[in-house]
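Heads up, the sequence shown stops at 401 in the UniProt record's numbering, and the numbers go up one at a time, no gaps.
Reading through the structure tokens given below for one structure.
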Amino acid sequence: MGNRDGNQVEADFARLGVRIELPDKRVFSIDQFELFVNEAIREIFGSCGPIVKISEYDASLRRGSVVAPGNEIQQVWAALSAKGQFQGQRIAAHLHTLTETPATGIGYQLAVGLIERGCHVTIVARNVKDLQKACEELQILADQRGQQQKVQWKSIDMTADYDVIKAAFDECAKELGPIDILINNAGHSVQAPFCDLPATDFEKQMKVNYLSAVYATRAVVDDMKARKTGHISFVSSAAGQFAIFGYSAYSPTKFALRGFADTLHMELLPYKVNVAVLYPPNTDTEGFKLELETMPEETKLMSDAAGLFTPKHVAEAHLKDIADGNYTTTIGLDGWMLGCLTAGACPEKSLFRALTQSALAGVFRAITLVYLGYFNGITKKCYRRRLAWTEEPKEEEEKRE
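Put into structure tokens, the structure is as follows:
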């Protein structure tokens, strides 16, 4: 969620893992760690040094991480490595590999982009630890702009009842002001053949992927209508345009978002509240890496055809389309082709896009049929291979008998 304010600037940040070495086994607290970091920077750079924040610290291991602007992280490390004395004792700072990477999903990068465009930001999820870490890093980024922007987090179960979500969103608005931008990015995906999926998974994915967006939108839309301003985005998926093997639970939820957004766009036109849909393809996130571990062979082979994009690229493309007033955001050549093909009766503000869709729909339909034939071939080939694997042991057993 964002609240508009200020001008756009470019910024980024990084996280540095630091291990403290002491001549004895005495305790080195988080307060001492923070003081050590700030003293080291001040001794080298004075009052003009990089602004940093302690992201996490484990006193038992004397390990922590420091967040700083990406273009100044080397200066921070130079200051830490040069400081050999602290509170009258010898000390040494060593680099250590972070076991957990900073948040890198599309939602996180959307938050970064909104901060760079001058918004106050509220991030919403369930995991408190991840929220705190992401919020700290985003606040560092916001502080670099010098616009007094605020970043806050709220731990909310987006599968909860509407009243719970409404109360939480009202609280967000009280703390940072009216919500001008809502980006519905809650998502959950499990890929498996239809008959292998638990029946409960269909309800779970519908609650997370679709109903969470309905409830969140309902929580903010009345205020947007009253003020006659605002923007609501829905993060769908390429699987919400083109359903393939293994997505019998996931794809319907993303198709549903498209139908909801189309309807909402028309209803909100008189109130000057904009609506948009993002259709990200395979994106290099931690969530996608986890999906790959259990993804059916067929799904993996089909997904490889679409390539892989970075979360930052996807987020920036959508934020640009929001600024330009476009309804649909597609990513890459295949995404653009799929967007033209599936435009159908969806809204379109750009005359150029509308003409392109009308002129090329037939051509892209023919190309898509080639893709479908290729995907159907993968399904049959994988089936035959699995069938052969199950029959081989039977044949060997019959020969032994």
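All C-beta atoms, glycine included, are put in the ideal place defined by N, C-alpha and C.
Practice item. Tell me whether D180 sits in a helix, a strand or coil according to DSSP, three-state version. Key: coil
Review point. Once you ignore the five residues that flank A192 on each side, which residues in its own chain have a CB closer than 7 angstroms to its CB?
Key: G246, P296
Check your understanding: What residue from T217, V208, S155 has the CA that sits closest to D180's CA?
Key -> T217
Review point. If you follow the alpha helix (DSSP H) that V128 is part of, which residue opens it and which one closes it?
Key: 128-145
Point to revise | Inter-stretch contact at 8 angstroms, needing at least 3 Cβ pairs: the segment 48-56 / the segment 131-142 | key: yes
Review point. Among R258, K207, I322, which residue has its Cα nearest to the Cα of S189?
Key: K207
**Study point:** Integer-rounded CB distance, given that P347 should sit under 8 angstroms from H265
**Key:** 5 angstroms
Exercise for review: Note down the Cα distance separating N71 from G113, rounded to an integer number of angstroms.
Suggested key: 17 angstroms
Exercise for review: Determine the extent of the alpha helix (DSSP H) in which R26 is found, giving its start and end residues.
Suggested key: Counting along the chain, R26 falls outside any alpha helix (DSSP H), and DSSP gives it neither H nor E.
Check your understanding: Straight-line CA distance for Y212 to S29?
Key -> Looking at the sequence itself, residue 212 is Ser, so the reference to Tyr does not match. For S212 and S29, the distance between alpha carbons rounds to 41 angstroms.
**Study point:** Simplified DSSP assignment, three categories, for V190
**Key:** coil
Review point. Enumerated in chain order, which unbroken segments of the beta strand (DSSP E) with a length of 3 residues or greater are wholly contained in the segment 285-360?
Key: 328-330
Check your understanding: So, helix, strand or coil for H96, using DSSP?
Key -> coil
Review point. Is R19 near the ligand ZN, with its Cβ less than 7 angstroms from a heavy atom?
Key: The ligand ZN is not part of the structure shown, which contains no ligands of any sort.
Review point. Comparing alpha-carbon positions, which option in D170, Q109, A40 lies nearest F309?
Key: Q109
Practice item. Can you give me the Cβ contacts of Q85 inside the same chain, cut-off strictly under 8 angstroms, excluding the 5 residues immediately before and after it? Key: I91
Practice item. Might you give, ordered along the chain, the residues of its own chain that have their beta carbon closer than 6 angstroms to the beta carbon of G6, omitting 5 neighbours on each side? Key: Low confidence applies to G6: its pLDDT is 39, below 50, so where it sits in the model is not reliable, and the reading given next is rough at best. Once the five neighbours on either side are set aside, the close Cβ partners of G6 are G118, Q147.
Point to revise | Where the alpha helix (DSSP H) through L278 begins and ends | key: Not the alpha helix (DSSP H): L278 falls in the beta strand (DSSP E), residues 274-279.
Check your understanding: Can you name the residues that DSSP bridges to Y57?
Key -> G64
Check your understanding: Quick one: is G259 buried, meaning 16 or more other Cβ sit within 10 Å of its Cβ, or exposed?
Key -> exposed
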